[in-house]
Amino acid sequence: MKNIIPEIMNRPIRDLSFVILDLETTGFKPSESGVTEIAIISLKNGKEECFETLIDPETVIPDEIVALTGIDNNMVIGKPKFRDILPMVEDLFKDSIFVSHNVPFDWSFFDYHYKKSLQKSLKMPSLCTLRLARKFLSLKSNKLEEVAKYFQVPLIGAHRAMSDTKAVRGILNCFFDILEDKNIYLGADLYKHNLIFPDYPPTR
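Residue numbers (the working numbering): 1459 to 1662.
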């Protein structure tokens, strides 16, 4: 398996480096849609660093997406394009685990536009809080709003990138307690239980 970071294997899960990410987009297919907003919370060496920005998607934002996210075409005029933010993002991503609530979606969009900009694929381990919810919770719905409600994690302004990212950060912290109760303490345990995917996220 590629992209296993050796240093994480014997580290407690709470001490691992994570980049929690959420994207807002103009649609649901990476090849046909642009990114309108990105938010990242980096947890590394006991420090938390946040990054967020609106992004010029280089395409029109459909009315139904404006209604969902509140991000309209005027808001992204003059904002950086996706390729412009990559130097900052790559620095945050270094030696970290990619986390989101629905990694396959966020990964597919990020990787498509990353590859389009830099002619290389995103390569890093990933951990999906949606998958954790499906595995360890018994909720009727595992949508971000429902998982946040279950854990009593604040989610103000759903479908805006930083609001969603902060909620995922809180949810991840709650899952640390659940994992430790199941004797999953170390990075190596996450790999052992197939909770981290070293090469690419699964389709579900």
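The beta-carbon is built from N, C-alpha and C at its ideal position, and this holds for glycine as well.
Original post:
What separation, rounded to the nearest whole angstrom, lies between the Cα atoms of MET1459 and PRO1488?
Top reply: Here residue 1459 is taken as the residue at index 1 of the sequence shown, counted from 1. Here residue 1488 is taken as the residue at index 30 of the sequence shown, counted from 1. Its pLDDT being 46, under 50, MET1459 is placed unreliably by the model, and the measurement read from it follows with that caveat. Between MET1459 and PRO1488, the C-alpha separation is close to 26 Å.
Subject >> Delimiting residues of the alpha helix (DSSP H) encompassing VAL1605 >> reply: Here residue 1605 corresponds to residue number 147 of the sequence shown, with the count starting at 1. That run of the alpha helix (DSSP H) goes 1602 to 1609.
**OP:** For the alpha helix (DSSP H) holding SER1566, just list the boundary residues, first then last.
**Re:** Taking the first residue of the sequence shown as position 1, residue 1566 is located at position 108. Residues 1561 to 1576.
**OP:** Kindly examine the ligand COA and report whether one of its heavy atoms sits closer than 7 Å to the Cβ of ALA1619.
**Re:** With respect to the ligand COA, the structure shown offers nothing to examine, as it has no ligands at all.
**OP:** For LEU1595, name the three-state secondary structure that DSSP assigns.
**Re:** To locate residue 1595, count along the sequence shown from 1; it is residue 137. Coil, per DSSP.
Subject >> Close beta carbons around LEU1526, own chain, < 7 Å, minus the five adjacent residues each side >> reply: Here residue 1526 corresponds to residue number 68 of the sequence shown, with the count starting at 1. Excluding sequence neighbours, LEU1526 sits near HIS1617.
**OP:** Would you list the one or two residues that DSSP bridges to ASP1480?
**Re:** One-based indexing of the sequence shown puts residue 1480 at position 22. According to DSSP, which records beta bridges pairwise, ASP1480 is partnered with ALA1497.
**OP:** Below 6 Å CB to CB, which residues in the same chain sit around ASN1560 once its five sequence neighbours on both sides are set aside?
**Re:** The residue you call residue 1560 lines up with position 102 of the sequence shown. Within the same chain, ASN1560 has close Cβ partners LEU1588.
Original post:
Across which residues does DSSP place PHE1655 in a beta bridge pair?
Top reply: Looking up residue 1655 in the sequence shown gives position 197. BP columns for PHE1655 point to SER1584.
Subject >> Beta-carbon spacing of THR1484, ILE1513 below 8 Å >> reply: Residue 1484 sits at position 26 when you count from the first residue of the sequence shown. Residue 1513 sits at position 55 when you count from the first residue of the sequence shown. The answer is no: Cβ separation not under 8 Å.
Subject >> PHE1551 versus TYR1570: straight-line alpha-carbon distance, rounded >> reply: Mapped onto the sequence shown, residue 1551 falls at position 93. Mapped onto the sequence shown, residue 1570 falls at position 112. Distance between the alpha carbons of PHE1551 and TYR1570 is about 16 Å.
Original post:
Near CYS1586, which residues of its chain fall below 6 Å by C-beta distance, leaving aside the five closest residues on each side in sequence?
Top reply: On the sequence shown, position 128 is the one that residue 1586 refers to. Cβ neighbours of CYS1586 beyond the five flanking positions: VAL1561.
**OP:** Classify ILE1614 as buried or exposed, calling it buried when 16 or more other Cβ atoms lie within 10 Å of its own Cβ.
**Re:** Within the sequence shown, the letter at position 156 stands for residue 1614. Exposed is the call here.
Subject >> Stretch-stretch touch, CB-based, cutoff 8 Å, three pairs: the stretch 1471 to 1481 with the stretch 1623 to 1630 >> reply: yes
Original post:
Is it true that the stretch 1500 to 1509 meets the stretch 1569 to 1584, where meeting means three or more beta-carbon pairs spaced less than 8 Å apart?
Top reply: no
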